[in-house]
Every structure is written in structure tokens, then in C-alpha cells.
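These notes concern the structure reproduced below.
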Amino acid sequence: ANQQISDLIQALGCGTRSKYRDEALRYYRLIIMTDADVDGAHIASLLITFFYQEMPALVRGGHLYLAVPPLYSIRQGGKVAYARDDAHKDELLRTE
Numbered sequence: 172a173n174q175q176i177s178d179l180i181q182a183l184g185c186g187t188r189s190k191y192r193d194e195a196l197r198y199y200r201l202i203i204m205t206d207a208d209v210d211g212a213h214i215a216s217l218l219i220t221f222f223y224q225e226m227p228a229l230v231r232g233g234h235l236y237l238a239v240p241p242l243y244s245i246r247q248g249g250k251v252a253y254a255r256d257d258a259h260k261d262e263l264l265r266t267e
């Protein structure tokens with residue numbers, strides 16, 4: 172395994188696969204936070220796949236979260252709105 176994954180496993184403290192122990196998990200919530208672009212989405216999907224394959228009980232136990240940052244910040248008339256994608260941006264621009 173690469174060094175980052177090894178460090179992640181060690182930091183979580185719960186082991187993997189048949190050696191996974193939920194009671195040894197050092198953090199109740201694991202929040203994946205990546206950039207709001209294609210590369211960030213790819214990194215997030217790789218991490219989710221890793222957790223699903225290596226620590227399925229962690230996923231089933233509701234410990235894994237994905238933060239979805241906005242892609243756009245729209246400022247109009249002193250108001251600020253955040254849009255998660257192009258369609259949401261267009262909708263906000265029509266209604267604001």
C-alpha cells in the first residue's frame with residue numbers, strides 16, 4: 172500500500188478487512204473534503220472505494236461522510252448565494 176493509505180489506516184486505528192474493530196476507531200465521523208472539480212471528485216471516489224473495500228463496517232456504521240462544496244459564489248445586491256453546479260447556478264440567477 173502507498174504511504175498515504177498506510178498513514179490513514181494507522182491514524183484511524185481500527186484496522187482493515189477481517190481485522191477491523193469498530194470500537195478502536197479513533198474518530199466517529201470521517202469527512203471526505205476535496206476540491207469542487209473533476210480531480211476532486213475522482214479523489215473522493217477513490218477514497219470512498221477504499222473505505223468500502225477495506226472497511227465496509229465503517230461505511231455501514233454511518234461513519235463516512237462526503238462534504239460537497241459549492242462550485243460558484245453568486246453575489247447580487249448585497250446577497251451571497253452558493254451554487255453546487257451549473258444547473259443550480261442558472262436556477263439561482265433566474266430567481267434572484
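Quick note on numbering: the sequence shown equals residues 172 to 267 in the numbering used here.
All C-beta atoms in this analysis are idealised placements derived from N, C-alpha and C, irrespective of residue type, glycine included.
Nearest CA to the CA of residue i: which residue from the options?
i	options	result
Leu-242	Ser-216, Ala-207, His-213	Ala-207
Tyr-191	Tyr-199, Leu-264, Ala-228	Ala-228
Arg-246	Lys-260, Ala-195, Asp-256	Lys-260
Tyr-198	Pro-240, Leu-235, Gly-249, Ala-252	Leu-235
Pro-240	Asp-178, Gly-249, Ala-254	Ala-254
Ile-176	Ala-258, Ser-189, Met-226, Ala-252	Met-226
So is the beta-carbon of residue i under 6 Å away from any non-hydrogen atom of the ligand SAH?
i	result
Ile-203	In the structure on display, the ligand SAH does not appear, and there are no ligands present to speak of.
Report the CB separation of residue i from residue j in whole angstroms; it is logged as a contact under 8 Å.
i	j	result
Leu-196	Leu-183	6 Å
>> If we require 4 or more residues per run, which alpha helix (DSSP H) segments fall completely within the stretch 209-267?
In response: 209-225, 227-231, 257-266
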